[in-house]
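Novice:
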Amino acid sequence: MTDSKYFTTTKKGEIFELKSELNNDKKEKKKEAVKKVIASMTVGKDVSALFPDVVNCMQTDNLELKKLVYLYLMNYAKSQPDMAIMAVNTFVKDCEDPNPLIRALAVRTMGCIRVDKITEYLCEPLRKCLKDEDPYVRKTAAVCVAKLYDISSGLVEDQGFLEQLKELLSDSNPMVVANAVAALSEINESSPTGQPLVELSTTTINKLLTALNECTEWGQVFILDSLSNYTPRDEREAQSICERITPRLAHANAAVVLSAVKVLIKMMEILQGDVEFCNTLSKKLAPPLVTLLSSEPEVQYVALRNINLIVQKKPDILKHEMKVFFVKYNDPIYVKLEKLDIMIRLASQGNIAQVLSELKEYATEVDVDFVRKAVRAIGRCAIKVEPSAERCVSTLLDLIQTKVNYVVQEAIVVIKDIFRKYPNKYESIISTLCENLDTLDEPEARASMVWIIGEYAERIDNADELLDSFLEGFADENAQVQLQLLTAVVKLFLKRPQHTQGLVQHVLSLATQDSDNPDLRDRGFIYWRLLSTDPAAAKEVVLADKPLISEETDLLEPTLLDELICHISSLASVYHKPPTAFVEGRSAGIRKTLPVRQGSDETVAPEATVIPNQESLIGDLLSMDLGGTAAPPPVPAAAPTSNVDLLGGGLDVLLGTGPDITGGAAPSTTGLLGDIFGITTTPTMYTPPKALWLPADKGKGLVIQGTFARRSGQIYMELNLTNKAMQAMVGFAIQFNKNSFGLSPSVPMNVSALQPGQSLEYSLPLGTTGPVQRMEPLTTLQVAIKNNVDVFYYACQIPIQILFIEDGTLDKRVFLTTWRDIPSANEVQYTLNDIKGTTDSISNKMTLNNIFTIAKRNVEGQDMLYQSLKLTNNIWVLLELKLTPGLTYATLSLKSRSVEVAPYVFQAYDMICKN
Numbered sequence: 000m001t002d003s004k005y006f007t008t009t010k011k012g013e014i015f016e017l018k019s020e021l022n023n024d025k026k027e028k029k030k031e032a033v034k035k036v037i038a039s040m041t042v043g044k045d046v047s048a049l050f051p052d053v054v055n056c057m058q059t060d061n062l063e064l065k066k067l068v069y070l071y072l073m074n075y076a077k078s079q080p081d082m083a084i085m086a087v088n089t090f091v092k093d094c095e096d097p098n099p100l101i102r103a104l105a106v107r108t109m110g111c112i113r114v115d116k117i118t119e120y121l122c123e124p125l126r127k128c129l130k131d132e133d134p135y136v137r138k139t140a141a142v143c144v145a146k147l148y149d150i151s152s153g154l155v156e157d158q159g160f161l162e163q164l165k166e167l168l169s170d171s172n173p174m175v176v177a178n179a180v181a182a183l184s185e186i187n188e189s190s191p192t193g194q195p196l197v198e199l200s201t202t203t204i205n206k207l208l209t210a211l212n213e214c215t216e217w218g219q220v221f222i223l224d225s226l227s228n229y230t231p232r233d234e235r236e237a238q239s240i241c242e243r244i245t246p247r248l249a250h251a252n253a254a255v256v257l258s259a260v261k262v263l264i265k266m267m268e269i270l271q272g273d274v275e276f277c278n279t280l281s282k283k284l285a286p287p288l289v290t291l292l293s294s295e296p297e298v299q300y301v302a303l304r305n306i307n308l309i310v311q312k313k314p315d316i317l318k319h320e321m322k323v324f325f326v327k328y329n330d331p332i333y334v335k336l337e338k339l340d341i342m343i344r345l346a347s348q349g350n351i352a353q354v355l356s357e358l359k360e361y362a363t364e365v366d367v368d369f370v371r372k373a374v375r376a377i378g379r380c381a382i383k384v385e386p387s388a389e390r391c392v393s394t395l396l397d398l399i400q401t402k403v404n405y406v407v408q409e410a411i412v413v414i415k416d417i418f419r420k421y422p423n424k425y426e427s428i429i430s431t432l433c434e435n436l437d438t439l440d441e442p443e444a445r446a447s448m449v450w451i452i453g454e455y456a457e458r459i460d461n462a463d464e465l466l467d468s469f470l471e472g473f474a475d476e477n478a479q480v481q482l483q484l485l486t487a488v489v490k491l492f493l494k495r496p497q498h499t500q501g502l503v504q505h506v507l508s509l510a511t512q513d514s515d516n517p518d519l520r521d522r523g524f525i526y527w528r529l530l531s532t533d534p535a536a537a538k539e540v541v542l543a544d545k546p547l548i549s550e551e552t553d554l555l556e557p558t559l560l561d562e563l564i565c566h567i568s569s570l571a572s573v574y575h576k577p578p579t580a581f582v583e584g585r586s587a588g589i590r591k592t593l594p595v596r597q598g599s600d601e602t603v604a605p606e607a608t609v610i611p612n613q614e615s616l617i618g619d620l621l622s623m624d625l626g627g628t629a630a631p632p633p634v635p636a637a638a639p640t641s642n643v644d645l646l647g648g649g650l651d652v653l654l655g656t657g658p659d660i661t662g663g664a665a666p667s668t669t670g671l672l673g674d675i676f677g678i679t680t681t682p683t684m685y686t687p688p689k690a691l692w693l694p695a696d697k698g699k700g701l702v703i704q705g706t707f708a709r710r711s712g713q714i715y716m717e718l719n720l721t722n723k724a725m726q727a728m729v730g731f732a733i734q735f736n737k738n739s740f741g742l743s744p745s746v747p748m749n750v751s752a753l754q755p756g757q758s759l760e761y762s763l764p765l766g767t768t769g770p771v772q773r774m775e776p777l778t779t780l781q782v783a784i785k786n787n788v789d790v791f792y793y794a795c796q797i798p799i800q801i802l803f804i805e806d807g808t809l810d811k812r813v814f815l816t817t818w819r820d821i822p823s824a825n826e827v828q829y830t831l832n833d834i835k836g837t838t839d840s841i842s843n844k845m846t847l848n849n850i851f852t853i854a855k856r857n858v859e860g861q862d863m864l865y866q867s868l869k870l871t872n873n874i875w876v877l878l879e880l881k882l883t884p885g886l887t888y889a890t891l892s893l894k895s896r897s898v899e900v901a902p903y904v905f906q907a908y909d910m911i912c913k914n
């Protein structure tokens, strides 16, 4: 009979019966009773009352019974910590048992019992097991060290377990080495400082590579992941590592293959100078990646997401493997879409005919979503492979002739992008597009068609009639279509003013008087004023030449791509997001990146064009069709120039380099006194005035006033100590309680004797590596200060700006991407009142306080500052500050993944702006 019988008991008084059975002298009865207890525990019954009786069963030589008892112990030790101490002696005894299985079982269970009270009792047994003669015990003990570190990191460091783990890296048994590597990796990730506690050396690397061939597949994954964090001393060592890792590419386990690929790509960055070796390595990388695509769909998807990153970084690796990415009829939709994306990335002049043939076939499938993607892919190919543009347009026209509604609409959307890429080249097809006007019912397609009509109004004889037909249902149109209609009609008026005055007046009236949409109204008023005051200027603004769109609009930002390459075979490479985007704490804040190869001049790769989601707030603000042909601001000769158009809508003027763009450290300013007397004054970070923290009645005569300051990247607690007692005060010491940001004194308090009536100013340097515990409010700091009189306690509030670090500036594209990625639920708005100063002076004040301006622009008389800051615990905050010159209030919009810091950042802004 099977063990299922133990799960079918429903008797009353069962606990009492089990208790008597557990105390039975017969071993078989005891085993049966423990099995019943485990079964009850498994189905959710509370059998914690039997804890003492089950623990008594530990004293046995029967391995099966001991396993069951240990299983029970792991489950209930946390809820019965006082009772769990009863088992300590048995653990110690079992760790010296002649049977290695029992020794390993004991040490494994010790690691799973997360009870602080008994951890120190387990140190000695663990130390013995780490040096055990049996490798099975040693490998189990290695993992136990990582578990113990998670419970008490200080205990592990004090007891020297880290050194013993390092010694196990030289063990003769490969599985012991693999487990030691896994444990050290886990400990490094759990390190509160974010710095690796164990650095790999050349000697250690050689030992790991030796063990690699004899490990199990998961042992190999751990070793390869550790090797990916190692940077060789020179090219020779990098070549040696590559040669010894290459055989792993033939492994049957996909995780091993991807981990090996990750290491090899990192080494290739170092070996860029050796072209022949890199080419040989590239050829070896292609077959294993292709093999992964013959697995089950779930593994295929993970492989494709990783291949997508590899293709962006090293397109040559898979440039001859296009056929393996062709979609199969029975592929799940998520696999089809990934394959489609990679096909476009690999498209080139040599294979474009093959690719277009496939895409045209996909456009006839039954899955509507996939068909849309396939049609859009044809447009992307036209933009990417210029010689094939005509063939792509011809293919799109063939698809339009099918008269399938959703195919036609998607084709019109991508043809608009082709017109943007190749102006004045394919306008002959406009008449064909206009034939399908009545079938368009999706906002994006209608908006694209309206844009085409407006852009080429002079070539379309009945453009006014076509636009007028859209205006009949103007109020019911989507906002996207309304905005395009407004702009298109104004373009038409500027090109044919004699016959379209009534039309433009009609649309301006609809936009400004009948619409509730503030974006539409504002754009309508701008056009109205432009047309009524200066038609020539209106022509320059509305009919300005638009920048060509980039051939790749969805490439990852280069630094993000490098980081994700370092995370191949992890969740980050599947999500295409850094660990910080979805993991809090642990190693999420440690940013990995590929090494800069030797001999590199560190030139920056050309950046990709980023077109944001229209639902994004920043996207809406920055992509409005308001750009003109005004000359760009002058650029200093020493500054590097950039031709990158980030949003495809004239954003160079808004986010380019020039005097209207602030960012980085602000220059020192010279005040009026400096102009007159030659005195230079350098602005500093805002420091709040000192507040009373400890009054005399609570401090037995000791009065403490204080504040916090940040100077040259160092945080200080500025104290004013006054002795109002009748006796001298000596022997000062200070201690902080756990707090939200890990603030702690960097040095002991060094205050000499404080005589009666004496006051003393003292600056105490602070660090941010202390213990962390969330406080309420978040900025609360509890302090204990001791002297020869007594110990005094007080609490104060940390001004959050002292936690803004100097490394808080973001690349413009990273800013836009991050803003878009943070959920809209994490956006908070505030109103700042009674602010002082101009936009530039406020921007400079913010920079002095480590709030960096990424971009600045003016929209309809409002100055917009886009800013970023970073807290000491790696929390990023993105901000948009709207200021109206002449007014004393402003609107602050804030986005962060840790939105709980928002009210404190607002307080900081409020204080800085008013001072």
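776 is the number that numbering that gives the first Met the number 0 gives to position 777 of the sequence shown; each next residue is one higher, with no gaps. Just so you know, even glycine gets a beta-carbon here, dropped at the ideal spot from N, CA and C.
(1) Quick one: grab the DSSP three-state call for Glu879.
(2) Sort out for me which residues DSSP pairs Asp733 with in a bridge.
(3) The beta strand (DSSP E) that contains Ala854, what's its start and end?
(4) Tell me the rounded alpha-carbon separation between Thr431 and Pro386.
(5) Within its chain, find whatever has a CB closer than 7 Å to the CB of Leu358; leave out the 5 residues flanking it on each side and keep chain order.
(6) Please state whether DSSP places Gly705 in a helix, a strand or coil.
(7) Looking at C-beta atoms only, is the number of pairs between the segment 349–356 and the segment 379–396 that lie closer than 8 Å three or more?
(8) Pick from His319, Val334, Val323 and Leu257: whose alpha carbon is nearest that of Glu295?
(9) Taking the straight line between their C-alpha atoms, what separation do you get for Thr890 and Val858?
(10) For Ala83, which option in Cys94, Asn98, Asp115 and Asp96 has the closest C-alpha, if you only look at C-alpha atoms?
(11) At a cut of 8 Å, does the segment 894–905 reach the segment 835–843 through at least three beta carbon pairs?
(12) Going by Cα to Cα distance, which pick from Asp440, Asn435, Pro286 and Ser189 is closest to Tyr148?
(13) Enumerate in chain order the residues of its own chain whose CB-to-CB distance from Gln299 is below 6 Å, with the five nearest sequence positions on each side excluded.
(14) The alpha helix (DSSP H) spanning Thr279 covers which residue range?
(15) Of the choices Phe581, Ala254 and Leu280, whose alpha-carbon is the least far from that of Lys265?
(16) Out of Met40, His319, Arg304 and Lys312, which has the shortest C-alpha to C-alpha gap to Leu339?
(17) Can you grab the Cα-Cα spacing for the pair Ser599 / Gly272, in whole Å?
(18) Does the segment 768–776 come into contact with the segment 510–530, if we say contact requires no fewer than three beta-carbon pairs (one atom in each stretch) closer than 8 Å?
(19) What is the DSSP secondary structure of Val480, reduced to helix, strand or coil?
(20) Would you list the residues sitting across from Ile244 in a DSSP beta bridge?
(21) Are the segment 536–549 and the segment 237–247 touching by the rule of at least three beta carbon pairs closer than 8 Å?
(22) Is the number of C-beta pairs between the segment 568–575 and the segment 253–263 that are closer than 8 Å three or more?
(23) Taking the straight line between their C-alpha atoms, what separation do you get for Thr679 and Lys844?
(24) Buried or exposed: where does Glu409 fall if 16 or more other Cβ atoms within 10 Å of its Cβ makes it buried?
(25) Excluding five sequence neighbours on each side, which residues of the same chain lie with their C-beta closer than 8 Å to the C-beta of Thr108?
(26) Output the distance between the C-alpha atoms of Thr779 and Pro884, rounded to the nearest integer angstrom.
(27) So is Asp52 buried or exposed if we call it buried at 16+ other beta carbons inside 10 Å?
(28) Only counting the same chain, and skipping five residues up and downstream in sequence, which positions put a Cβ closer than 8 Å to that of Asn848?
(29) Taking the Cβ atom as the reference point for each residue, do Pro534 and Asn477 lie within a distance shorter than 7 Å?
(30) Should Tyr986 and Pro173 be called a contact, given that it needs their Cβ atoms to be closer than 7 Å?
(31) In terms of residue numbering, what span does the alpha helix (DSSP H) encompassing Val53 cover?
(32) With which residues is Tyr865 paired in a DSSP beta bridge?
(33) Please report the distance separating the alpha-carbon of Gly915 from that of Ser152.
(34) Under the three-state reduction of DSSP, which class applies to Lys576: helix, strand or coil?
(35) Since I believe Met725 is in contact with Pro755 (beta carbons under 8 Å), could you give me their beta-carbon distance rounded to a whole number of angstroms?
(36) Report back the beta-carbon spacing between Ala145 and Ile112 to the nearest angstrom; my notes put them in contact at under 8 Å.
Specialist: Judging by the given coordinates:
(1) strand
(2) Reading the sequence as shown, one finds Ile at residue 733 and not Asp. Answer is Ile784.
(3) Phe851 to Val858
(4) 23 Å
(5) Ala373, Ala376 and Ile377
(6) strand
(7) yes
(8) Val334
(9) 14 Å
(10) Asp115
(11) no
(12) Ser189
(13) Leu292 and Val334
(14) Val274 to Thr290
(15) Leu280
(16) Arg304
(17) Low confidence applies to Ser599: its pLDDT is 43, below 50, so where it sits in the model is not reliable enough to give any reading.
(18) no
(19) helix
(20) Beta-bridge pairing links Ile244 to no other residue.
(21) no
(22) yes
(23) The predicted model places Thr679 with a pLDDT of 37, which falls under 50 and marks its position as unreliable; any figure quoted below should be read in that light. Taking the straight line joining both Cα atoms gives about 17 Å.
(24) buried
(25) Tyr69, Leu72, Met73 and Phe90
(26) 36 Å
(27) buried
(28) Met684, Tyr685, Gln800, Phe803, Ala907 and Ile911
(29) no
(30) Shown here, the chain extends from 0 to 914; a query on residue 986 therefore has no answer.
(31) Phe50 to Asn55
(32) Ala854 and Glu879
(33) Residue 915 lies beyond the stretch modelled for the chain, which goes from 0 to 914, so this question has no answer here.
(34) coil
(35) 6 Å
(36) Rounded, the Cβ-Cβ distance is 15 Å, inconsistent with contact.
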